[in-house]
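The next block holds one structure in the form of structure tokens; read it before the comments.
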């Protein structure tokens, strides 16, 4: 059976999944991207079970999401994904978020790293390189890649947080989505009512674990923000956000 170059999954946004704005929450969107990427990797034979047989796994390294609109309550939407390229250590995977009427709501770019489970070092995934035959470098993903980030030098404000049980995933480290939620919780409800996230960039440097005490360092303007999440001065992830601000 031929391998599917493009993988599509459809979703329905229920009221219980919505945020206060009655739209798809950013954290749930990121979760959907990871879910669909995982399912396509399994379909291609390079999913969790296959890699774990060789003592390897995928780790999400970078994410860029850019949305023109967010699905609203009771709407159906699709997440479409394809692999852009694959080399010895990295895989780049892109996404399109489409509405039921065929209109495009947004796009996303991701970079995944193969690592050795035993020592968390970069893995050689050369045996997967033949999968480059299903890569689609020519398929359009019309948003910029994740830019190179510098740490927040002078934060406007900081907040402390201790990672708890509900933050930890099956790999026993902090779940990607929990970082997103921790970031978004730095603003009050009124801010989110008037600021719609247009673009989100995330870069992950190191893993975090249960009980670690993290610090969120945030620098912001009216329509943009930069943030670091660090533990004992060691940066775990960095965010760049651009907002559409509602007129008053």
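Numbering (the numbering used here), first residue to last: -5 to 242.
Backbone N, C-alpha and C fix where the C-beta goes; we use that ideal spot for every residue, glycine too.
Would you report the Cα separation of residue i and residue j, rounded to the nearest angstrom?
| i | j | result |
| --- | --- | --- |
| residue 206 | residue 170 | 15 Å |
| residue 152 | residue 194 | 20 Å |
| residue 112 | residue 35 | 21 Å |
| residue 147 | residue 218 | 16 Å |
| residue 9 | residue 173 | 23 Å |
| residue 11 | residue 43 | 29 Å |
| residue 85 | residue 40 | 11 Å |
| residue -3 | residue 128 | 7 Å |
| residue 144 | residue 125 | 33 Å |
| residue 175 | residue 216 | 20 Å |
| residue 184 | residue 17 | 15 Å |
| residue 120 | residue 83 | 8 Å |
| residue 154 | residue 227 | 12 Å |
| residue 66 | residue 158 | 31 Å |
| residue 88 | residue 156 | 33 Å |
| residue 240 | residue 189 | 6 Å |
| residue 161 | residue 122 | 31 Å |
| residue 179 | residue 223 | 13 Å |
| residue 26 | residue 101 | 13 Å |
| residue 210 | residue 225 | 9 Å |
| residue 90 | residue 37 | 19 Å |
| residue 94 | residue 68 | 11 Å |
| residue 114 | residue 96 | 41 Å |
| residue 164 | residue 139 | 29 Å |
In the DSSP assignment, what are the bridge partners of residue i?
| i | result |
| --- | --- |
| residue 212 | 151 and 221 |
| residue 196 | 57 and 233 |
| residue 173 | Answer is none; residue 173 lacks a bridge partner. |
| residue 156 | 207 |
| residue 85 | 80 and 106 |
| residue 185 | Residue 185 is not bridged to any residue. |
| residue 91 | 73 and 100 |
| residue 64 | None, per the DSSP bridge assignment. |
| residue 32 | DSSP lists no partner for residue 32. |
| residue 113 | Partner(s): none; residue 113 has no beta bridge. |
| residue 190 | 238 |
| residue 162 | 168 |
| residue 6 | 70 |
Tell me which same chain residues have a C-beta within less than 7 Å of the C-beta of residue i, skipping the five on either side of it?
| i | result |
| --- | --- |
| residue 167 | 201, 202 and 203 |
| residue 6 | 70 |
| residue 199 | 229, 230 and 231 |
| residue 92 | 71, 72, 74, 98 and 99 |
| residue 13 | 19 |
| residue 80 | 122, 123, 125, 126 and 129 |
Would the beta-carbon of residue i be found less than 7 Å away from any heavy atom of the ligand ADP?
| i | result |
| --- | --- |
| residue 102 | This structure lacks the ligand ADP, and indeed carries no ligand of any kind. |
Once the 5 residues before and after residue i are set aside, which same chain residues still bring their CB inside 8 Å of it?
| i | result |
| --- | --- |
| residue 110 | 49, 50, 116 and 117 |
| residue 150 | 212, 213 and 214 |
| residue 46 | 111 |
| residue 141 | 195 and 234 |
| residue 208 | 154, 155, 156, 157, 176, 202, 223, 224, 225 and 230 |
Mind checking whether residue i and residue j have CB atoms under 8 Å apart?
| i | j | result |
| --- | --- | --- |
| residue 20 | residue 55 | no |
| residue 192 | residue 61 | yes |
| residue 238 | residue 15 | no |
| residue 23 | residue 59 | yes |
| residue 52 | residue 108 | yes |
Apart from the five residues just before and just after residue i, which ones in its own chain have a Cβ nearer than 6 Å to its Cβ?
| i | result |
| --- | --- |
| residue 233 | 177, 196 and 221 |
| residue 57 | 104 and 196 |
| residue 63 | 99 |
Cβ contact check for the region 1 to 12 and the region 22 to 39: 3 or more pairs under 8 Å: The region 1 to 12 is in contact with the region 22 to 39.
Validate contact between the region 76 to 89 and the region 122 to 134 using beta carbons, cut 8 Å, 3 pairs: Between the region 76 to 89 and the region 122 to 134, the count of Cβ pairs shorter than 8 Å is three or higher; the stretches touch.
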